[in-house]
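Residues in the sequence shown are numbered consecutively from 82, following my numbering.
Even for Gly, the Cβ is constructed at its ideal location relative to N, Cα and C.
A short worksheet on the structure shown next.
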Amino acid sequence: MTGWMDTHCHLCLLKDEQGSNHDVMLRARAADVHRVLDVATGKDNWQCVLNHALAFDDVYAAIGIHPTSETLYADADWQTMATLARHERVLAIGECGLDFYHEPESACGHQYERFERQIELAKQLNKPLIIHTRNSSPQTLAVLRDVGQGKITGIMHCFVEDKTVAQQALDIGFYISFSGISTFKNATVVHDTIGYVPLDRMLIETDSPYLAPVPHRGKLNEPAYVAKVGERVSALKGIAPEVVRSQLEINAKLLFALT
Ligand SMILES: [Zn+2]
Ligand SMILES: [Zn+2]
82 MTGWMDTHCH LCLLKDEQGS NHDVMLRARA ADVHRVLDVA TGKDNWQCVL NHALAFDDVY
142 AAIGIHPTSE TLYADADWQT MATLARHERV LAIGECGLDF YHEPESACGH QYERFERQIE
202 LAKQLNKPLI IHTRNSSPQT LAVLRDVGQG KITGIMHCFV EDKTVAQQAL DIGFYISFSG
262 ISTFKNATVV HDTIGYVPLD RMLIETDSPY LAPVPHRGKL NEPAYVAKVG ERVSALKGIA
322 PEVVRSQLEI NAKLLFALT
């Protein structure tokens, strides 16, 4: 039996009313979600995501620094991150990238430095990257090309860009992950991009607790709802849900070297 994988969620940021992580994972399994990648956003939750990956067989961790993380990172922090990232339950480095939505690019020098260091770590550990890019796709792709030197792969997470940007990400060997935004009626650019990206280069995610898909839009999101994203991809592509599900599972296994 194949299952869905939520390739990007933040279990450490779920709210009390969503119940314990145990409850959240029971609901995920009941919705045929077989794997969950719990993604860190900074040093405040590195240990938290790793603890989840150690507590649940079907939860894995990604360790990294979000571009808008306000914490300062000393050399000792970078060393801690490199040590934790080496753990076999840590599948990827991230989320990292560039985000010029909250700050103008001119104020974002530190974002480039952090991003480049995390790409170097991914290269060194031979693990994929989880990329966050907002109002910054040309710059993000340029850094991935220059620093990655063709030696890295990963996921463009919560993708909302058009086909041209999608093609550039595919050209450098990245997978493209779609979120609950795909279920929103007015997200026509995302719908077009889903039609364009080949199924064997695609993944899906919730980014929970944010961006709950229809019919849960506006409420808290959780990994169980990734099935709604999979069903939306199936409808947009005109491909049966079982076929979508098994291809996305093959993609995740290949990218994360899972058995
Ligand atoms: Zn993100
Ligand atoms: Zn995220």
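To which residues does DSSP link residue i through a beta bridge?
i: Cys177; result: Ile212
i: Phe259; result: Ile285
i: Met90; result: According to the sequence provided, residue 90 is Cys. The question's Met does not apply to it. Asp119, per the DSSP bridge assignment.
i: Met237; result: Ile212 and Ile257
i: Trp127; result: According to DSSP, which records beta bridges pairwise, Trp127 is partnered with nothing at all.
i: Ala247; result: According to DSSP, Ala247 bridges with nothing at all.
Report yes if the C-beta distance between residue i and residue j is below 8 Å; otherwise report no.
i: Thr88; j: Ile200; result: no
i: Leu206; j: Arg170; result: no
i: Val278; j: Ile257; result: yes
i: Val130; j: Ile211; result: no
i: Lys244; j: Thr274; result: yes
i: Val314; j: Val324; result: no
i: Val310; j: Gly261; result: yes
i: Glu197; j: Val241; result: no
i: Val307; j: Val105; result: no
i: Thr214; j: Leu336; result: no
i: Cys177; j: Pro148; result: yes
Sorry if obvious, but does the Cβ on residue i come closer than 7 Å to a heavy atom of ligand 2?
i: His297; result: no
i: Val314; result: no
i: Val140; result: no
i: Val171; result: no
i: His89; result: yes
i: Val120; result: yes
Taking its Cβ as the centre, do 16 or more other Cβ atoms sit within 10 Å of residue i, making it buried, or is it exposed?
i: Ile144; result: buried
i: Asp288; result: buried
i: His191; result: exposed
i: Tyr182; result: exposed
i: Ile146; result: buried
i: Asn267; result: exposed
i: Gln249; result: buried
i: Ser217; result: buried
i: Arg195; result: buried
i: His103; result: exposed
i: Ser187; result: exposed
i: Arg226; result: exposed
Within the structure, which residues are defined as neighbours of ligand 1 by a Cβ-heavy atom distance below 7 Å, reported in chain order? His147, Glu176, His213, His238, Cys239 and Asp288
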